[in-house]
Amino acid sequence: MKSGRREREGPQSKGFAFPDWAYKPESSPGSRQIQLWHFILELLQKEEYQGVIAWQGDYGEFVIKDPDEVARLWGIRKCKPHMNYDKLSRALRYYYNKRILHKTKGKRFTYKFNFSKVVLVNYPILDMANSPFFLAQNHFNGSTGTPDCSPEVRGVG
DNA sequence: ACCGGAAACT
DNA sequence: AGTTTCCGGT
Numbered sequence: 001m002k003s004g005r006r007e008r009e010g011p012q013s014k015g016f017a018f019p020d021w022a023y024k025p026e027s028s029p030g031s032r033q034i035q036l037w038h039f040i041l042e043l044l045q046k047e048e049y050q051g052v053i054a055w056q057g058d059y060g061e062f063v064i065k066d067p068d069e070v071a072r073l074w075g076i077r078k079c080k081p082h083m084n085y086d087k088l089s090r091a092l093r094y095y096y097n098k099r100i101l102h103k104t105k106g107k108r109f110t111y112k113f114n115f116s117k118v119v120l121v122n123y124p125i126l127d128m129a130n131s132p133f134f135l136a137q138n139h140f141n142g143s144t145g146t147p148d149c150s151p152e153v154r155g156v157g
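Sequence positions in the first sequence follow the UniProt record's numbering and run 1 to 157.
Put into structure tokens, the structure is as follows:
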């Protein structure tokens with residue numbers, strides 16, 4: 001039988017799930033703040049946000065059901081009170097060239113992840129054996145979405 | 001709604 | 001580098 005870890009699967013998710021190691025606590029080396037695509041993944045992972053953003057359609061495809069709310073939540077996380085969908089979507093558009101995302105044309109508020117890129121670039125799968133991802137996964141899942149500007153995470157020293 | 005250049009900010 | 005802000009164009 002397969003030795004891989006079981007994939008996360010919500011009760012009502014239609015067979016779609018990320019492998020556990022796709023979850024990462026923070027951003028890639030270089031930037032300290034959470035990245036937008038991490039945040040999107042985070043919302044997508046939680047069932048309480050299925051009315052706001054959810055997987056839909058093809059593999060890796062998701063639809064933003066409530067653009068204003070997603071923008072609001074992103075604004076809270078980044079402490080940008082004036083965030084809106086216009087600006088958030090600009091950030092998503094920068095992912096096109098980076099090949100992290102692309103737009104599903106014709107479908108409103110619908111984008112699609114390029115998992116091969118997202119996964120391979122950000123997580124050295126080959127190094128999974130002794131990677132901190134399995135540990136990080138717990139950290140990630142335990143995250144309640146504390147804003148990066150929160151005093152809790154800001155300066156302790 | 002969606003696109004992408006340009007400049008500013010971190 | 002990864003956005004945030006702004007905006008003219010489709």
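All residues carry an ideal CB built from backbone N, CA and C; glycine is no exception.
- Supposed close pair Ala54, Lys46 - CB separation, criterion 8 Å: 10 Å between Cβ atoms; not a contact.
- Item | Cβ-based burial, Tyr95 [other Cβ within 10 Å; buried from 16] | buried
- Classify Ala91 as buried or exposed, calling it buried when 16 or more other Cβ atoms lie within 10 Å of its own Cβ. exposed
- Reduced DSSP category for Val70 - H, G, I as helix; E, B as strand; rest coil: helix
- So which of Lys87, Asp58, Val63, Leu36 has the shortest CA-CA distance to Tyr49? Val63
- Item | Nearest to Gln33 (by Cα), restricted to the options Val119, Tyr85, Lys80 | Lys80
- Item | Reference Asp68, options Tyr59, Ser116, Leu88, closest by Cα | Taking the Cα of Asp68 as reference, the smallest distance to any Cα among Tyr59, Ser116, Leu88 is reached at Leu88.
- Task: Identify, in the order they occur along the chain, each residue of the same chain with its Cβ nearer than 8 Å to the Cβ of Phe109, setting aside the five sequence neighbours on each side.
- Result: Correct list, in chain order: Val63, Ile64, Lys65, Pro67.
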